Amino acid sequence: MDSYPNELLSALVERIGLGIIVLDANTRIQHWNAFVAQRCGKNLDQAKGQLFVNIFPEADTSRFERMVELARDKSTHVYSHWLEMPALVELPVSTAEHGLLALQSTLFFPFETPDGSIHYGLVMYETSTLAQSSEQLELALNALGGKQVEQDQLLRKLEAANSQLLQSEKMAAIGQLAAGVAHEINNPIGYVFSNLKTLDGYVHDLLKIIDAVDGATSLDDVRQLKRSLEYDYIRGDVEALISESGDGIDRVKQIISALKDFSHIEEEEFRLADLHRGLDSTLNVVSNELKYKAEVVKEYGALPEVDCISSQINQVAMNLLVNAAHAIEKFGRITLRTACDGDWIWIEVEDTGKGIEPKLLNRIFEPFFTTKPVGKGTGLGLALSYSIVQKHHGRIEVHSEVGKGSRFRVWLPVHQPSALVQADGQAI
Numbered sequence: 002m003d004s005y006p007n008e009l010l011s012a013l014v015e016r017i018g019l020g021i022i023v024l025d026a027n028t029r030i031q032h033w034n035a036f037v038a039q040r041c042g043k044n045l046d047q048a049k050g051q052l053f054v055n056i057f058p059e060a061d062t063s064r065f066e067r068m069v070e071l072a073r074d075k076s077t078h079v080y081s082h083w084l085e086m087p088a089l090v091e092l093p094v095s096t097a098e099h100g101l102l103a104l105q106s107t108l109f110f111p112f113e114t115p116d117g118s119i120h121y122g123l124v125m126y127e128t129s130t131l132a133q134s135s136e137q138l139e140l141a142l143n144a145l146g147g148k149q150v151e152q153d154q155l156l157r158k159l160e161a162a163n164s165q166l167l168q169s170e171k172m173a174a175i176g177q178l179a180a181g182v183a184h185e186i187n188n189p190i191g192y193v194f195s196n197l198k199t200l201d202g203y204v205h206d207l208l209k210i211i212d213a214v215d216g217a218t219s220l221d222d223v224r225q226l227k228r229s230l231e232y233d234y235i236r237g238d239v240e241a242l243i244s245e246s247g248d249g250i251d252r253v254k255q256i257i258s259a260l261k262d263f264s265h266i267e268e269e270e271f272r273l274a275d276l277h278r279g280l281d282s283t284l285n286v287v288s289n290e291l292k293y294k295a296e297v298v299k300e301y302g303a304l305p306e307v308d309c310i311s312s313q314i315n316q317v318a319m320n321l322l323v324n325a326a327h328a329i330e331k332f333g334r335i336t337l338r339t340a341c342d343g344d345w346i347w348i349e350v351e352d353t354g355k356g357i358e359p360k361l362l363n364r365i366f367e368p369f370f371t372t373k374p375v376g377k378g379t380g381l382g383l384a385l386s387y388s389i390v391q392k393h394h395g396r397i398e399v400h401s402e403v404g405k406g407s408r409f410r411v412w413l414p415v416h417q418p419s420a421l422v423q424a425d426g427q428a429i
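Mapping of the sequence shown onto my numbering: position 313 corresponds to residue 314, and the numbering continues sequentially without gaps.
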């Protein structure tokens with residue numbers, strides 16, 4: 002009775018529509034089934050104990066050596082497909098429609114016999130049915146390829162539309178801030194201009210004193226002119242005017258530099274960036290929006306350089322800061338925080354504004370949805386911020402309490418994830 006299962010298995014191996022060859026640890030042939038015998042035209046008794054590549058010389062290739070190496074050293078099942086490369090062993094099948102075919106896919110694997118010795122199994126299977134329908138398959142693949150091209154074109158159009166929308170919102174946001182930026186620039190320019198007019202009068206008086214030296218009959222006349230023109234006051238005030246004007250010009254330079262750092266409209270590539278510098282630039286740009294509504298508190302942690310499109314992250318920060326200012330009805334506080342947590346960093350904007358009702362929280366990232374009065378917002382700021390963060394493989398967390406304020410936290414990976422996909426097993 003113990004031999005009955007073995008007899009069943011032997012009967013299955015001999016009748017199954019697969020080619021099966023058993024090799025020993027040195028790839029010498031031990032057995033093959035009727036499928037192989039019928040198609041290779043070789044005598045099994047004569048082949049037993051012979052090297053596999055001696056009986057099937059077409060298999061004497063580096064490819065077969067690699068299969069044996071993977072199976073032996075890594076105990077790996079190694080697959081090959083006839084569509085990808087020629088058949089390992091020629092087991093031709095004659096068909097009325099296609100003539101002589103030699104289309105085998107293979108599976109090569111190690112196994113251990115009851116006595117503990119290592120053997121290899123080589124399983125070969127025909128794909129003549131697939132080959133006979135290859136024309137239909139090719140037509141189907143061509144049709145799918147056409148659909149894929151259409152989808153790729155559509156995706157490119159959507160990407161272009163999204164990019165245009167992003168830039169439109171960016172320009173709209175900068176347009177809304179233009180008056181504030183103009184005010185920020187106008188203040189230092191105003192007092193620099195006023196100082197220049199004062200300096201012009203001082204220079205005129207000083208020139209009068211200098212010219213008087215040549216025509217004066219005595220030093221007393223010069224001293225009298227200096228006293229009448231308030232020379233001592235002019236001397237002290239000139240230094241103050243020059244210092245103040247220098248500060249004003251520096252302020253203008255800071256605003257222009259912040260605008261340049263903030264914008265970078267043409268930038269579309271990921272690169273390592275100092276986010277704190279970007280956040281400071283953004284704060285400079287939106288200063289006029291914030292200073293009349295809130296005290297801004299910076300709580301920066303230690304951040305590494307982050308792989309990102311910095312101008313887009315600046316826009317996210319700007320949207321969150323401006324929204325925070327709009328949420329504050331009188332005067333409050335906006336806290337800008339950063340920190341690093343392992344392979345992630347986060348940027349947080351917290352306000353003491355009116356908060357968001359729970360029923361609206363799940364809609365705040367919808368395009369064109371806004372709780373602001375007409376003319377105050379486009380409804381695109383948070384939607385595009387969400388899109389930017391998704392593009393950076395990050396996420397946005399929101400916590401809000403009505404009457405207490407809101408907290409938006411943006412998580413970003415320090416390095417963008419690799420597109421490489423690790424496959425299980427080995428393929429040849």
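Built from N, CA and C at the ideal position, the CB exists for glycine as well. Please read all numbers here as calculations on a predicted model, not as lab measurements.
Check whether residue i and residue j have beta carbons under 7 Å apart
i    : j    : result
G406 : D342 : no
E300 : R334 : no
I1   : A48  : Because the chain is modelled from 2 through 429, residue 1 falls outside the range shown and cannot be assessed.
E402 : G354 : no
I243 : Y203 : no
I346 : L280 : no
V350 : A328 : no
H82  : S106 : yes
E15  : N34  : yes
L123 : Y80  : no
L291 : V298 : no
T283 : N315 : yes
Local conformation of residue i per DSSP, three classes
i    : result
G376 : Because the pLDDT at G376 is just 46, under 50, the model does not fix this residue reliably, and the point stays unresolved.
T28  : coil
P111 : strand
I21  : strand
A88  : coil
R236 : helix
N7   : helix
N315 : helix
Q423 : Its pLDDT being 36, under 50, Q423 is placed unreliably in this model, and the value from its coordinates should be taken loosely. In this structure, Q423 counts as coil in the three-state DSSP scheme.
R40  : helix
R224 : helix
E267 : Legend: pLDDT at E267 = 49, less than 50; position of this residue unreliable, no value from coordinates given.
T283 : helix
E15  : helix
I429 : Bear in mind that the predicted position of I429 carries a pLDDT of just 48, short of 50, making it unreliable; the figure below should be weighed with that in mind. DSSP places I429 in coil when its eight states are reduced to three.
I365 : coil
G117 : coil
T218 : coil
L230 : coil
E160 : helix
N34  : coil
Per DSSP, the bridge partner or partners of residue i
i    : result
A274 : V307
P414 : W345
D352 : I335
S407 : S401
S81  : T107
G122 : V23, F110
L52  : R29
A1   : Since the first residue of the chain shown is 2 and the last is 429, residue 1 is not available in this structure.
R252 : Beta-bridge pairing links R252 to no other residue.
R396 : W412
Of the listed residues the options, nearest to residue i (C-alpha basis)
i    : options                : result
R396 : V317, L361, A303       : V317
I190 : F36, P305, R252, Q31   : R252
A241 : R272, N196, L220       : N196
V28  : E15, E59, F65          : For the sequence presented, residue 28 should be read as Thr rather than Val. When each option's Cα is compared against that of T28, the closest is F65.
R40  : V239, L220, R224, L19  : L19
A295 : N55, E330, Y126        : E330
N245 : N285, E290, L276, F194 : What sits at residue 245 in the sequence shown is Glu, not Asn. With distances taken between Cα atoms, E245 lies closest to F194.
D74  : G42, Y121, L92, D46    : Y121
K227 : K360, I210, I256       : I210
L276 : S288, S311, D61        : S311
E306 : F271, R157, P58        : F271
A38  : R410, L52, W412, I56   : I56
F110 : Q149, Q51, I22, L159   : I22
Where the beta strand (DSSP E) containing residue i begins and where it ends
i    : result
K299 : 295 to 300
Near the ligand PLP: residue i beta-carbon under 6 Å from a heavy atom
i    : result
V223 : Only the bare structure without any ligand can be found here, which leaves the ligand PLP out of the picture.
Element boundaries [alpha helix (DSSP H), containing residue i]
i    : result
S63  : 63 to 75
K360 : 359 to 362
S288 : 288 to 291
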